[in-house]
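Below: the structure, in structure tokens.
Numbering (our numbering), first residue to last: 1120 to 1572.
Following this line, the structure appears as structure tokens:
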């Protein structure tokens, strides 16, 4: 396979539209359609619709599991994607869907307070992410890499997924048969199929579970029949309580890792230098998350599912993402469609969550493996061991009005533990510095880990 072509010169910011790639009908072997290019509009619209399908299942799982409105979440997902494309000047193709990292804090904040307070936490997380993006835009991301090496990032991602295990069980036991059908279909599609079908395994499993639930009489379409065909989604204003801040701070670190991984992955696949847009991507996702939380939607993140679509088609055109964003907004304008999504029963959610939460946990391990983290090194070993147990067992610690739960405490343990033990070791010299092999590997790798939604 031929090497990617050199990065094209930046287009003038005042230029509108996209240049046509070749004849607009085909992508030659070894070529890619770059972000500021497009195919013919009929193909571009089709690719945009495919991006909607790719994000669909995962984006709707978050509101279904947390009690948010699916239609409202879809609205802010589409609007957030438009905002992202504008702020990154059309250089970084991405769809902003619901982030799984928000499931645990929203669930916990809703349980201890109420949904508006949970939305306030989403807003605070979004603002914090935008500030991180501003710092990266002004000073680069070297300090960010130093703060969050793979050992720390992997631990945080893993403990967020595994902390959710009890929530998966709660939904699963409501209807074990439906949940089992959902789970089995997800597993089969993940292993026995290829390409887009495999990437949409969760959506396929949810569809199969939904059919099973219908056969078992577990569906209620009363609200669907009563809902209007066209109308604005319900909006919910946030309220702010500093006591939930500890639940949402760790999410910021995960969103940073996801966005950085996304930008580097796209850069590696297109051959474009996207480092100058790293800060913009973080700012854009932060503002999109802030906007979503302000109206009743879930926090957003760049989507690995859509990276899969780009990798399969070799089309990285941001024009296709504008089509996807507009389509999402239009779908959100049907209350009947939103109520139809709300009919997905608990058993289906339990089956999907069993696979999904476990996948999030193992993705943390995947980060360790891909970055060759040495778990034989006591600094890495103890950092991961303590952080994971605190997160999984859901330790809590109250400081005044602020209560830190398992995800927040586990994140603190990962950050303070790793850097604290390294500082101690710099004095004693008892073990090898765990970052030395990673620094050597940086000369051989330009891309970072890619995380899912």
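Idealized CB from N, CA, C, for every residue including glycine.
Using three-state DSSP, classify residue i as helix, strand or coil.
i: residue 1434; result: strand
i: residue 1515; result: coil
i: residue 1163; result: helix
i: residue 1266; result: helix
i: residue 1382; result: helix
i: residue 1458; result: helix
i: residue 1337; result: coil
i: residue 1156; result: strand
i: residue 1364; result: helix
i: residue 1138; result: strand
i: residue 1377; result: helix
i: residue 1429; result: helix
i: residue 1394; result: helix
i: residue 1358; result: coil
i: residue 1550; result: coil
i: residue 1453; result: coil
i: residue 1186; result: coil
i: residue 1444; result: helix
i: residue 1210; result: coil
i: residue 1148; result: coil
i: residue 1292; result: coil
Applying the 10 Å Cβ sphere with the 16-neighbour rule, what's the burial state of residue i?
i: residue 1240; result: buried
i: residue 1542; result: exposed
i: residue 1345; result: exposed
i: residue 1518; result: exposed
i: residue 1281; result: buried
i: residue 1395; result: exposed
i: residue 1262; result: exposed
i: residue 1202; result: buried
i: residue 1122; result: Confidence in residue 1122 is poor, its pLDDT being 43 and thus under 50, which makes the residue's placement too unreliable to answer from.
i: residue 1160; result: exposed
i: residue 1491; result: exposed
i: residue 1539; result: exposed
i: residue 1302; result: buried
i: residue 1479; result: buried
Do you know how far the Cα of residue j is from the Cα of residue i?
i: residue 1443; j: residue 1187; result: 22 Å
i: residue 1237; j: residue 1359; result: 8 Å
i: residue 1494; j: residue 1500; result: 5 Å
i: residue 1515; j: residue 1414; result: 29 Å
i: residue 1147; j: residue 1432; result: 11 Å
i: residue 1134; j: residue 1304; result: Its pLDDT being 46, under 50, residue 1134 is placed unreliably in this model, and the coordinates cannot settle the point.
i: residue 1465; j: residue 1219; result: 17 Å
i: residue 1461; j: residue 1190; result: 9 Å
i: residue 1251; j: residue 1377; result: 13 Å
i: residue 1459; j: residue 1156; result: 37 Å
i: residue 1406; j: residue 1272; result: 22 Å
i: residue 1127; j: residue 1435; result: The pLDDT assigned to residue 1127 is 42, lower than 50, so where the model puts this residue is not dependable, and the model offers no usable value.
i: residue 1471; j: residue 1332; result: 14 Å
i: residue 1306; j: residue 1165; result: 28 Å
i: residue 1300; j: residue 1289; result: 16 Å
i: residue 1140; j: residue 1152; result: 6 Å
Mind reading off the beta-carbon distance from residue i to residue j? Whole number of angstroms is fine, and I expect it under 8 Å.
i: residue 1226; j: residue 1185; result: 6 Å
i: residue 1498; j: residue 1537; result: 7 Å
i: residue 1393; j: residue 1375; result: Going by Cβ atoms, the distance from residue 1393 to residue 1375 rounds to 16 Å, so no, they are not a contact pair.
i: residue 1412; j: residue 1242; result: 4 Å
i: residue 1404; j: residue 1421; result: 7 Å
i: residue 1363; j: residue 1247; result: Wrong, their Cβ atoms sit about 13 Å apart, outside the cutoff.
i: residue 1342; j: residue 1452; result: Not quite, the Cβ-Cβ distance comes to about 17 Å (not below 8 Å), so this is no contact.
i: residue 1181; j: residue 1217; result: 3 Å
i: residue 1340; j: residue 1224; result: Not quite, the Cβ-Cβ distance comes to about 32 Å (not below 8 Å), so this is no contact.
i: residue 1177; j: residue 1321; result: 6 Å
i: residue 1510; j: residue 1278; result: 3 Å
i: residue 1355; j: residue 1235; result: 6 Å
Taking the alpha helix (DSSP H) that residue i belongs to, which residues open and close that run?
i: residue 1116; result: Nothing about residue 1116 can be reported from this structure: the residues present for the chain run from 1120 to 1572 only.
i: residue 1200; result: 1189-1206
i: residue 1341; result: 1341-1345
i: residue 1481; result: 1465-1489
i: residue 1310; result: 1295-1311
i: residue 1496; result: Note, residue 1496: premise wrong, no alpha helix (DSSP H); not H, not E.
i: residue 1251; result: 1234-1258
i: residue 1410; result: 1397-1414
i: residue 1530; result: 1525-1547
i: residue 1349; result: No alpha helix (DSSP H) holds residue 1349; DSSP gives it neither H nor E.
i: residue 1220; result: Note, residue 1220: premise wrong, no alpha helix (DSSP H); not H, not E.
Answer yes or no: does any C-beta atom of chain D fall closer than 7 Å to that of residue i?
i: residue 1298; result: Checking the listed chains, one finds no chain D in this structure; it contains a single protein chain.
Where do the N-terminal and C-terminal ends of the beta strand (DSSP E) with residue i fall, by residue?
i: residue 1421; result: 1419-1421
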